[in-house]
Amino acid sequence: MHSEPENCVIEGDLTCLIPATEAHLPLLADWFTDPEFVRNWGGQPLTREEVAAKYTGRRRPDVESFLILAQTIPVGYVQYAPAGPGQGGIDMVLLPQAQGKGLGPDAARALVRHLHTVLGWTQVTVDPEASNTHAIRAWAKAGFRPVGRQGSHLLMECLPAHSVSPTEIHDESFPPRA
């Protein structure tokens, strides 16, 4: 079990999600102005003002923003947004050094569980770039399955009541990383 910060609101086995606030602006601004971090998120580096407007909780209740912590160390950002009754989407990005350690799938499973049990969502989607096989594999480990394409993005869906544990995944369309 990991060391849980006092303000942890969504707990995974390896991660904890805490609400992103104005107090996190310096950290988030560093991340979202870093070209390597932004490459994993998609888009272009942002100004501090753009980061403040988008990722510090100012868009509540339309978008809920969280820092992902491993132990007590910030390792990524995740947000969710409702898209209709009982459904919505998740966007997530991890620091490069936090990738490949199971933290992304763990945070995703914890958030899906929260969306299902607390908010009553029955459908959760993600839309990674179709060329981002690393992200697609990570989402698959969290229980998401491809359901279609939207431009250059692969649309993946997880039905929270049927989300799977990492030991239950046997999907040959997502071979292990080399």
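Residue numbers (our numbering): 25 to 202. Positions of the beta carbon are idealized from the N, C-alpha and C atoms, including for glycine. Quantities reported herein were computed from a predicted structural model and do not represent experimental measurements.
To which residues of the same chain is TRP16 closer than 7 Å at the C-beta, ignoring the five residues directly before and after it?
No information on residue 16 is available, as it lies outside the stretch 25 to 202 that the chain covers here.
Whose CA, out of VAL87, LEU119, GLY81 and THR80, lies closest to the CA of LEU93?
LEU119
State whether the region 51-64 contacts the region 145-152, with contact taken as three or more CB pairs (one from each stretch) at a distance under 8 Å.
no
Compute the distance between the beta-carbons of THR52 and THR80, then report whether it is under 9 Å.
At residue 52 the sequence reads Leu, which differs from the Thr that was named. In contact: LEU52 and THR80 (Cβ atoms closer than 9 Å).
Using three-state DSSP, classify ALA47 as helix, strand or coil.
helix
According to the neighbour-count rule (16 or more other Cβ atoms, all chains shown, within 10 Å of its Cβ), is ASP130 buried or exposed?
buried
Can you find at least 3 beta carbon pairs, one from the region 129-145 and one from the region 35-49, that sit closer than 8 Å?
yes
Apply the 10 Å Cβ neighbour rule to ARG161 and answer buried if 16 or more other Cβ atoms are within range, or exposed otherwise.
buried
So the alpha helix (DSSP H) GLU73 belongs to, where does it begin and stop?
72-79
For VAL211, is the classification buried or exposed, using 16 other Cβ atoms within 10 angstroms of its Cβ as the cut-off for buried?
This structure cannot settle anything about residue 211, because the visible part of the chain is limited to 25 through 202.
For THR135, tell me which candidate among ASP115, GLN123, ALA154 and ARG72 has the shortest Cα-Cα distance.
According to the sequence displayed, residue 135 carries Leu and not Thr. Residue ASP115 is the option with its Cα nearest to LEU135.
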